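In what follows, a structure is listed as C-alpha cells, so that the remarks can point back to it.
See the structure below:
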C-alpha cells in the first residue's frame, strides 16, 4: 500500500472514530445533575390542546411543560401550587381559586387569572372534555389573581377537572392564528412556562432535554436537580443494560426483566402495591356476528385468563372478571353478575360450553375448522395489538388468544402489531365506517381512582373512548346510553356511596353485554432506579397528571422536588446586610425548607456524583469493531503492496 493510500485510509478511520465518539445524547457537565430517563413513547406534539390524542405527551411530558392550579397526590391530598388557596361557594356551583402573586412566566411576565380564563376559552373551543359538557358554564377572572369556575350543579371532580388543569400564557397563545396547530416540539425557544423546567434542546425522535429555570418563582420548591433528559429507547430489553451501565438513572421495567437488575449494586425497585392496570380485548361489535352478545360470551369463556395471569404474566397478574374493575382492589363495586363464568371450570369444560353456544347459534365448522354463519359469513377477523408497553409479553398473549379462539372455530385472518400512535389512530380516532378489525388488544393504564375508567364510556365521543373502540353505542344504543347516564350521575354524586351504586349498575350492564373482555390485572409500572447519583426517591409524593389519573411518574411534582443529587449541598444566598454579630453556636438542625431566594453562587463543595458517561457502551463496541476492520484492511493492502513489489 503506497503512502497516499495509507494516509487516506488513516484519515477515513480518524473521521469515523470522531463521528462515533460524538455522543448520541447531550452530556452533562461534571457539575450538572441531569435526571436521565429512557422512554418507549415518543411524543408527537407538545401542544397541550392535542394531549387527548397524544398519550406520550400526556404521560411522559405533561409535568414538564406547564403547571396546574393545585396538585393532588395519590393519597388524595390537595397541595396549593399556582393557586395558594381556594373556596367552594354557592352550594357547590362556584369554585374560586386565589393565585399566588409570586408566580411568573419564564419570560418574566406575571401569571394572572386572565391566563386561566384564556386557557379555558381555548379548552372549551378545541379540547372540551365530554365529561364537563352541561356542567361547566363559565370560567372568569374576577381580578388579577382570582378566578372562578361556575357550574350548573355541584361537581364531585372539581379538584381534578378544574384544579389539576394546566395554565397557558395568554400573552403568547392569544397571538396565535391557529392555536390547535401551534407546536414547539421542534423549537424549544417557544416554550414559555411557569414551571421549574424549560425545554432546552432535542434531537428529533431521539431525546428531549429540559433544564432547570434560573428564575423559578416558587422558591420553596426549587428542584435540586439541574434538568430532565428523556431518551427514546423503543426496545425494553435494553433498559436493564442501560441501568447497569449507569447510562440512565431510572427506567420502567416489565416484570420479566426484573431478575436482571434485582440485587445489583446501586439499584433499587419500586412496585405499585396493588394491581392497577388491565389487559383488555376490544371486540368490534360493528362487525357481524361479533354484534351478537352470545358470540362475545363464547369468546369470554374460551380465553384462559388463569393461564395468562400465571404463565404469561409470570404470577404478577390477577385473572379478571367481566368488568374493568378489579374486585380484589375495589371490593365495594363487586356484583355477582360480573363474576367470570369460567371460574371453577376446567379448560375443557369452558371450551365445551363456548362451542355449545356457537353450535346453538347455527354456526357450523367448515372443512378447515373455521365456523360459518347461516348466511355464509366466516368467523375470520383481523386482530390489532398495541405493541407497547410489555411488547414481548403482549405479543405472546395475543398469540395465545388466537389459539384459544381457534379451539372454538374462530380464525384470526391477520395479526397486526402497532405502535401506540398507529394503534390509537386505527382504534380510537378512525372515522366511523373505517374500522375493519375484529379484535384489538389494549392495555388500559393504571386505575388510580374508583372512578378513573368511567370517562371511557361517555358520549359524545371525544379522545380515547371505549365506545369508539367497540362500536357498542351503535349495536346496543339503549344500554350504552344508560351507562352514559350512570357515568354522569356518578360524577355528580355528592357522596362516595352514591357513586359506588352507580358504578355497580354500570358493572352489571357491561357484564351482560360484554363489549370488551378484561383479561388480567397487573402492575404496569415497576420502577428500577439507581442510587449512586440521586437519593430521596419518593414515589409516595408523586402527584397526578391532568384529569386526576395516571401513573406515578417520579419527575412530576412533588417527587422531583425531593430528588437529591448525591453530594448536593444547599446553596446559600449572600446576606443583604452584614450580621451585627457572628453566631455564637452553629445551628442545631438543618433548615426545614429550602432557601427563600434563588441561589446566587455555586455550591461551596464540589459535587461527588460521577459525571455522565460521554460515550455509551454501544459506541465503544462499535469503535472497537471499526478499528479491527481498519487494521485488517490495512494488513490486506500491505500484503497486496508487497506482492506487487515482487
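Numbering (our numbering), first residue to last: -7 to 638. Glycine included, each C-beta is placed from N, C-alpha and C at the ideal position. This structure is a prediction, so every number in the text was calculated from the model and none was measured.
Are residue i and residue j touching if we call contact CB-CB under 8 Å?
{"i": "residue 30", "j": "residue 304", "result": "no"}
{"i": "residue 209", "j": "residue 133", "result": "no"}
{"i": "residue 45", "j": "residue 463", "result": "no"}
{"i": "residue 338", "j": "residue 507", "result": "no"}
{"i": "residue 26", "j": "residue 222", "result": "no"}
{"i": "residue 315", "j": "residue 503", "result": "yes"}
{"i": "residue 122", "j": "residue 452", "result": "yes"}
{"i": "residue 234", "j": "residue 253", "result": "no"}
{"i": "residue 433", "j": "residue 273", "result": "yes"}
{"i": "residue 551", "j": "residue 530", "result": "yes"}
{"i": "residue 187", "j": "residue 224", "result": "no"}
{"i": "residue 413", "j": "residue 516", "result": "no"}
{"i": "residue 60", "j": "residue 538", "result": "yes"}
{"i": "residue 396", "j": "residue 241", "result": "no"}
{"i": "residue 310", "j": "residue 513", "result": "yes"}
{"i": "residue 32", "j": "residue 226", "result": "yes"}
{"i": "residue 317", "j": "residue 492", "result": "no"}
Among the options, whose alpha-carbon lies nearest the alpha-carbon of residue i?
{"i": "residue 435", "options": "264, 253, 270, 224", "result": "270"}
{"i": "residue 104", "options": "113, 71, 138", "result": "138"}
{"i": "residue 299", "options": "67, 511, 53, 533", "result": "511"}
{"i": "residue 290", "options": "216, 123, 402, 149", "result": "402"}
{"i": "residue 442", "options": "474, 490, 202", "result": "490"}
{"i": "residue 364", "options": "400, 453, 381", "result": "400"}
{"i": "residue 251", "options": "306, 198, 241", "result": "306"}
{"i": "residue 409", "options": "423, 397, 396, 391", "result": "391"}
{"i": "residue 155", "options": "178, 76, 457, 255", "result": "76"}
{"i": "residue 560", "options": "545, 532, 528", "result": "528"}
{"i": "residue 430", "options": "124, 446, 405, 241", "result": "405"}
{"i": "residue 415", "options": "378, 386, 448, 424", "result": "378"}
{"i": "residue 48", "options": "393, 130, 385, 411", "result": "411"}
{"i": "residue 142", "options": "128, 64, 238, 43", "result": "128"}
{"i": "residue 445", "options": "102, 476, 92, 34", "result": "476"}
{"i": "residue 282", "options": "324, 371, 323", "result": "371"}
{"i": "residue 563", "options": "323, 212, 136", "result": "212"}
Since residue i is in the alpha helix (DSSP H), which residue starts that stretch and which ends it?
{"i": "residue 500", "result": "488 to 505"}
{"i": "residue 352", "result": "339 to 352"}
{"i": "residue 125", "result": "Counting along the chain, residue 125 falls outside any alpha helix (DSSP H), and DSSP gives it neither H nor E."}
{"i": "residue 483", "result": "469 to 484"}
{"i": "residue 513", "result": "Here residue 513 belongs to no alpha helix (DSSP H); instead the beta strand (DSSP E) covers 508 to 514."}
{"i": "residue 232", "result": "231 to 236"}
{"i": "residue 383", "result": "383 to 398"}
Does any C-beta atom of chain B lie closer than 8 Å to the C-beta of residue i?
{"i": "residue 43", "result": "Absent from the structure: chain B. Only one protein chain is present."}
What first and last residue would you give for the beta strand (DSSP E) that runs through residue i?
{"i": "residue 28", "result": "26 to 31"}
{"i": "residue 461", "result": "Taken as a continuous stretch (DSSP letters only), residue 461 belongs to no beta strand (DSSP E), being part of the alpha helix (DSSP H) at 458 to 462."}
{"i": "residue 408", "result": "403 to 410"}
{"i": "residue 444", "result": "Premise fails: residue 444 is in no beta strand (DSSP E) and is neither H nor E."}
{"i": "residue 135", "result": "128 to 135"}
{"i": "residue 117", "result": "From DSSP, residue 117 is part of no beta strand (DSSP E) but of the alpha helix (DSSP H) over 105 to 118."}
{"i": "residue 278", "result": "Note, residue 278: premise wrong, no beta strand (DSSP E); not H, not E."}
{"i": "residue 193", "result": "189 to 195"}
{"i": "residue 535", "result": "Here residue 535 belongs to no beta strand (DSSP E), and DSSP marks it neither H nor E."}
{"i": "residue 90", "result": "86 to 91"}
{"i": "residue 261", "result": "259 to 263"}
{"i": "residue 639", "result": "The structure shown does not extend to residue 639, since the chain spans only -7 to 638, so no value can be given for it."}
Please go through the same chain and pick out, in chain order, the residues whose beta-carbon is closer than 7 Å to the beta-carbon of residue i, but skip the five residues on each side of it.
{"i": "residue 174", "result": "39, 168"}
{"i": "residue 88", "result": "78, 79, 81, 138, 140"}
{"i": "residue 428", "result": "374"}
{"i": "residue 319", "result": "313, 326"}
{"i": "residue 286", "result": "349, 353"}
{"i": "residue 203", "result": "189, 190, 192, 218, 219"}
{"i": "residue 280", "result": "369"}
{"i": "residue 124", "result": "153"}
Skipping 5 residues on each side, what residues in its chain have a beta carbon closer than 8 Å to that of residue i?
{"i": "residue 486", "result": "84, 146, 148"}
{"i": "residue 118", "result": "41, 171, 172"}
{"i": "residue 357", "result": "363, 364, 401"}
{"i": "residue 207", "result": "96, 98, 100, 590"}
{"i": "residue 578", "result": "Low per-residue confidence applies at residue 578: pLDDT is 32, beneath 50, and the placement is therefore not dependable enough to give any value."}
{"i": "residue 114", "result": "41, 160, 165, 171"}
CB-CB under 6 Å to residue i, same chain, minus the five flanking residues each way: which ones, in chain order?
{"i": "residue 548", "result": "55, 534, 535"}
{"i": "residue 355", "result": "363, 365"}
{"i": "residue 111", "result": "159, 160"}
{"i": "residue 460", "result": "420, 453"}
{"i": "residue 407", "result": "375"}
{"i": "residue 334", "result": "293, 342"}
- Message: Three Cβ pairs or more, each shorter than 8 Å: is that satisfied between the stretch 250 to 265 and the stretch 519 to 526?
- Response: yes
- Given 8 Å, three or more beta-carbon pairs between the stretch 409 to 423 and the stretch 239 to 248: Taking a cut-off of 8 Å for Cβ pairs, the stretch 409 to 423 and the stretch 239 to 248 do not touch, as fewer than three such pairs fall below it.
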